[in-house]
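Here is the structure we will look at.
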Amino acid sequence: MVLFHIFQYFSSENATDEDFLSSDLEPFDEMSDSTNKSHATGGSIVPETAQEKLPKGVEQSVPDSVHDTNSSVSHATGESMVPEEIQKIAPASLEKALPESIHPTEGSSIDK
């Protein structure tokens with residue numbers, strides 16, 4: 001639901017930080033994980049203020065074409081049965097959910 005609102009606001013040409021921050025989004029636990037900084041490593045159409053308010057997990061769940069956090073990388077730490085192209089576009093949560101015998105991620109940045 002929250003991602004829908006994010007896309008809705010930022011796909012509008014006239015969207016502003018204030019529009020997003022004053023919206024009636026329902027609170028959810030991840031909002032408390034805000035780091036007060038952006039995790040973008042490239043271009044982003046998400047206003048800077050919103051980037052700072054959103055938790056890292058939300059920023060990384062938005063496609064890199066909208067908000068580039070360089071999340072299109074594989075987190076495999078060994079030989080994986082998952083094709084490389086799929087690894088690059090799969091969300092980190094999916095990579096982490098796979099058994100180590102299929103897609104090893106132990107010791108990577110998502111192994112916490």
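One point on numbering: in the UniProt record's numbering, the residue at position 59 of the sequence shown is 59, and numbering is uninterrupted.
No residue lacks a Cβ here, since even glycine has one placed at the ideal position from N, Cα and C.
Just so we're clear, the structure is a prediction, and the values are computed from it rather than from any experiment.
Under the assumption that Thr77 contacts Pro104 (Cβ atoms under 8 Å), give the Cβ distance between them as a whole number of angstroms.
5 Å
Give the DSSP-derived three-state secondary structure of Ser93 in the structure shown.
helix
For Ser109, which three-state DSSP category applies?
coil
What first and last residue would you give for the alpha helix (DSSP H) that runs through Val66?
Val66 -> no alpha helix (DSSP H), and no H or E assigned at all.
How long is the line joining the alpha carbons of Glu48 and Lys56, rounded to whole angstroms?
14 Å
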